[in-house]
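Protein chains in written order, with our numbering: chain A, 476 to 542; chain B, 7 to 139.
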């Protein structure tokens with residue numbers, strides 16, 4: 476299962492969901508779904524998010540084993 | 007907010023223009039009214055739906071579907087198609103038991119209607135599903 480810390484990184488950068496959505500060219504609902512862990516982004520969007528939030532893709536996303 | 011104002015204004019002008027052409031070409035007022043309500047309704051719904059974002063720089067077509075929107079549409083389309091396939095198989099089997107074997111012509115229209123309705127319901131369902139905890 477892919478986990479993320481997009482919400483924490485966004486808040487650290489003082490971005491609103493709307494501002495981040497505009498930055499990475501997606502809808503605000505996509506950011507909401509991502510933060511809730513209900514949507515796994517494409518590699519392109521993950522890279523755009525990492526770039527917009529000034530971090531790395533590894534820091535934003537990781538795989539958590541389901542046991 | 008300004009970008010949404012521009013979007014709403016240009017879309018309203020577009021729908022009004024289409025309706026004016028339809029009226030000018032002699033179509034009944036109620037068809038023009040239905041087209042106006044559906045057209046305006048779609049353009050009001052689109053930015054609120056979460057499936058589109060507004061890009062005013064491309065003046066002609068400001069609605070852009072993002073990757074999650076595309077995923078929702080593809081998933082709903084695939085499953086609606088499967089429902090239609092199951093329905094057509096059911097209709098085919100029903101037809102085989104008739105004497106002589108036949109399928110009523112209206113059944114095809116109903117099948118397409120069920121397919122479209124399934125697509126709409128499924129896409130709304132998948133859209134909501136991603137936003138819930």
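Don't be surprised by glycine CBs; every beta carbon is placed ideally from N, CA and C.
Since we're looking at a predicted model, the values are computed, not measured.
Endpoints, beta strand (DSSP E) assigned at residue i
i	result
residue 478 of chain A	477–479
N- and C-terminal bounds of the alpha helix (DSSP H) containing residue i
i	result
residue 58 of chain B	Element bounds for residue 58 of chain B: not the alpha helix (DSSP H) but the beta strand (DSSP E), 58–60.
residue 499 of chain A	492–499
residue 528 of chain A	Note, residue 528 of chain A: premise wrong, no alpha helix (DSSP H); not H, not E.
residue 509 of chain A	503–510
Beta-ladder partner(s) of residue i, from DSSP
i	result
residue 536 of chain A	A/479
Any chain A beta carbon closer than 8 angstroms to residue i
i	result
residue 59 of chain B	yes
residue 136 of chain B	yes
residue 75 of chain B	yes
residue 56 of chain B	yes
Proximity test, Cβ basis, 8 angstroms: residue i and chain B
i	result
residue 501 of chain A	yes
residue 513 of chain A	yes
residue 504 of chain A	yes
residue 520 of chain A	yes
residue 517 of chain A	yes
residue 507 of chain A	yes
Rounded distance between the beta-carbons of residue j and residue i, thought under 8 angstroms
i	j	result
residue 118 of chain B	residue 85 of chain B	That belief does not hold up - the Cβ atoms of residue 118 of chain B and residue 85 of chain B are roughly 16 angstroms apart, past 8 angstroms.
residue 501 of chain A	residue 520 of chain A	7 angstroms
*Starting from the N-terminal side, write out each stretch of the beta strand (DSSP E) that is 3 residues or longer and does not extend beyond the segment 32–112 of chain B.*
58–60, 69–71
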